[in-house]
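Visitor: Just passing along the structure, written as structure tokens.
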Amino acid sequence: MQTIACMKWGTRYPADYVNRLWSMIKRNTVRPTRLVCFTEDATGIDPAVAVFPLPPINIPERVAWRPWRKISLWQAPLADLEGDVLFVDLDVVITGPLDDFFDYAPGQFCIAENWTQLGQGIGNTSVYRWTVGTNTHIFDDFDRDPDAKVNKHIISQRYVSAAAQGMTYWPAEWCVSFKHTLLPRWPLNFFKDVPLPPATRIVAFTGKPDPDEAVIGEWPVTAWWKKAYKHVRPTKWIDENWR
Numbered sequence: 046m047q048t049i050a051c052m053k054w055g056t057r058y059p060a061d062y063v064n065r066l067w068s069m070i071k072r073n074t075v076r077p078t079r080l081v082c083f084t085e086d087a088t089g090i091d092p093a094v095a096v097f098p099l100p101p102i103n104i105p106e107r108v109a110w111r112p113w114r115k116i117s118l119w120q121a122p123l124a125d126l127e128g129d130v131l132f133v134d135l136d137v138v139i140t141g142p143l144d145d146f147f148d149y150a151p152g153q154f155c156i157a158e159n160w161t162q163l164g165q166g167i168g169n170t171s172v173y174r175w176t177v178g179t180n181t182h183i184f185d186d187f188d189r190d191p192d193a194k195v196n197k198h199i200i201s202q203r204y205v206s207a208a209a210q211g212m213t214y215w216p217a218e219w220c221v222s223f224k225h226t227l228l229p230r231w232p233l234n235f236f237k238d239v240p241l242p243p244a245t246r247i248v249a250f251t252g253k254p255d256p257d258e259a260v261i262g263e264w265p266v267t268a269w270w271k272k273a274y275k276h277v278r279p280t281k282w283i284d285e286n287w288r
């Protein structure tokens, strides 16, 4: 049984995001696969998804509801998880087969290379695979002195990348960023649709827009001047895959 894990906390992403993720996983796996969701609110989540409480972690309130909370997954034991687990953020669209993510670089901690820091040794924790019980110092060291880690690294994936003992990147074509890889550069983003390369398997929607916004061509911005360049045309392939 392959295990894919996700986390849902706070109010930004509703249960529908978990259910869509589960639906995409089922369409894009051949082997028996389950989805595990760690959350403080399981209301509305498909009963077929295994739900566990958010893992305990000593975390400063100022980052308690930010990606730093994902550091809690590096502890062991962790619910009923064992062996290799593929973590996937909720704000992704799965467009291709997933089974190979469990076969690639056996025994290694595999992660997407951060799209805005290529060549700098920093992974993006939108999509990664780890073996439960390895690299537990990532959690232990953070839990002992969380303020020091937050102050030093600012962003959780920088901390994970610096602390992990061994890190292997996924093939670049497997995991891409909607905003940083696929979106045509300004001003072409006003005139060209966002393409979907055939080798793509997971599209990550870091920051804004989210999938439900990009599919209708909406990019929420607060400053009026950002509207001059933050633009996305309606993206039909999201509708075809994010369901």
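With the first letter of the sequence shown counted as 1, position 135 gets the number 180 in the working numbering; the numbers rise by one all the way through. Cβ atoms here follow ideal geometry from the backbone N, Cα and C, with glycine treated the same way.
1) If contacts are defined as beta-carbon pairs under 8 Å, then Trp119 and Ile183 qualify, I think. What distance do you get, rounded to the angstrom?
2) Could you give the uninterrupted runs of the beta strand (DSSP E) lying entirely in the region 118 to 167, keeping only those of 3 residues or more?
3) Quick one: is Ala259 buried, meaning 16 or more other Cβ sit within 10 Å of its Cβ, or exposed?
4) Count the other CB atoms, across all protein chains shown, that sit within 10 Å of the CB of Ile49; report buried if there are 16 or more and exposed otherwise.
5) Does DSSP classify Phe250 as helix, strand or coil?
6) Val205 lies in the alpha helix (DSSP H); which residues open and close that run?
7) Go ahead and label Trp287 buried or exposed: buried means 16 or more other beta carbons lie within 10 angstroms of its beta carbon, across all protein chains shown.
8) For Asn169, write down the residues that DSSP places opposite it in a beta bridge.
9) Report, in whole angstroms, the separation of the C-beta atoms of Cys155 and Trp67, which I expect to be a contact under 8 Å.
10) Have a look at Ile104 and Ala268 and give me their C-alpha separation to the nearest angstrom.
11) Could you check which residue in Gly166, Val266, Gly262, Thr78 has the C-alpha nearest to that of Val277?
12) Drop a sphere of 10 angstroms on the beta-carbon of Tyr204, count the other beta-carbons inside from all chains shown, and report buried for 16 or more, exposed for fewer.
13) Taking only three categories from DSSP, how would you classify Tyr214?
14) Under a Cβ-count criterion, where at least 16 other Cβ atoms within 10 Å of its own Cβ denotes burial, should Glu158 be classed as buried or exposed?
15) Could you compute how far the alpha carbon of Trp113 sits from the alpha carbon of Pro98?
16) Say yes only if the C-beta of Asn234 is nearer than 7 Å to one or more non-hydrogen atoms of the ligand GDP, and no if none qualify.
17) To the nearest whole angstrom, what separates the beta carbons of Ile283 and Pro256, a pair I think is in contact under 8 Å?
18) Terminal residues of the continuous beta strand (DSSP E) containing Met46?
19) For Val108, which residues in the same chain have their Cβ closer than 7 Å to its Cβ, ignoring the five residues on either side in sequence?
20) Identify whether Arg65 lies in helix, strand or coil by the three-state DSSP scheme.
21) Given a cut-off of 8 Å on the beta-carbon distance, is the pair Asn169 and Trp160 in contact?
22) Around the Cβ of Tyr58, are there at least 16 other Cβ atoms within 10 angstroms (buried) or fewer (exposed)?
23) Which residues bound the alpha helix (DSSP H) around Arg189?
24) Does the region 245 to 255 touch the region 218 to 232, meaning 3 or more C-beta pairs lie closer than 8 Å?
Guide: Quick look at the numbers:
1) Against the sequence shown, residue 119 aligns to sequence position 74. Against the sequence shown, residue 183 aligns to sequence position 138. So it is a contact: roughly 4 Å between Cβ atoms.
2) 129 to 133, 137 to 139, 155 to 158
3) Taking the first residue of the sequence shown as position 1, residue 259 is located at position 214. By the 10 Å Cβ count, Ala259 comes out buried.
4) Counting from 1 along the sequence shown, the entry for residue 49 is found at position 4. Buried: at least 16 other Cβ atoms inside 10 Å.
5) In the sequence shown, counting from the first residue as 1, residue 250 sits at position 205. In this structure, Phe250 counts as coil in the three-state DSSP scheme.
6) Reading the sequence shown from its first residue, position 160 is the one you call residue 205. Element bounds for Val205: 201 to 208.
7) To locate residue 287, count along the sequence shown from 1; it is residue 242. It counts as buried.
8) In the sequence shown, counting from the first residue as 1, residue 169 sits at position 124. BP columns for Asn169 point to Ala157.
9) On the sequence shown, position 110 is the one that residue 155 refers to. On the sequence shown, position 22 is the one that residue 67 refers to. Not confirmed; about 22 Å, so no contact.
10) Taking the sequence shown and counting its residues from 1, the one referred to as residue 104 is at position 59. Taking the sequence shown and counting its residues from 1, the one referred to as residue 268 is at position 223. Roughly 31 Å separates the two Cα atoms.
11) In the sequence shown, counting from the first residue as 1, residue 277 sits at position 232. Per the Cα distances, Gly262.
12) By one-based count along the sequence shown, residue 204 stands at place 159. Under this definition Tyr204 is a buried residue.
13) By one-based count along the sequence shown, residue 214 stands at place 169. In the three-state scheme derived from DSSP, where H, G and I count as helix and E and B as strand, Tyr214 is classed as strand.
14) In the sequence shown, counting from the first residue as 1, residue 158 sits at position 113. Looking at its Cβ environment, which holds 16 or more other Cβ atoms inside 10 Å, Glu158 is buried.
15) The residue labelled residue 113 in the question sits at position 68 within the sequence shown. The residue labelled residue 98 in the question sits at position 53 within the sequence shown. Each residue's alpha carbon lies about 16 Å from the other.
16) With respect to the ligand GDP, the structure offers nothing, as it holds no ligand at all.
17) As a working mapping, residue 283 is identified with position 238 in the sequence shown. As a working mapping, residue 256 is identified with position 211 in the sequence shown. Indeed they touch by this definition, with Cβ atoms about 5 Å apart.
18) Walking along the sequence shown from the start, residue 46 turns up at place 1. Unbroken run through Met46: none, as it is neither H nor E.
19) The residue you call residue 108 lines up with position 63 of the sequence shown. Around Val108: Val195.
20) As a first step, residue 65 is located in the sequence shown; it is residue number 20 there, counting from the start. Three-state result, Arg65: helix.
21) The residue given as residue 169 occupies position 124 in the sequence shown. The residue given as residue 160 occupies position 115 in the sequence shown. In this structure, Trp160 lies closer than 8 Å to Asn169 by Cβ.
22) Reading the sequence shown from its first residue, position 13 is the one you call residue 58. Under this definition Tyr58 is a buried residue.
23) Your numbering for residue 189 matches position 144 in the sequence shown. It spans 182 to 189 - the alpha helix (DSSP H) in which Arg189 sits, taken as one unbroken run.
24) The region 218 to 232 and the region 245 to 255 touch, with no fewer than 3 CB-CB distances between them shorter than 8 Å.
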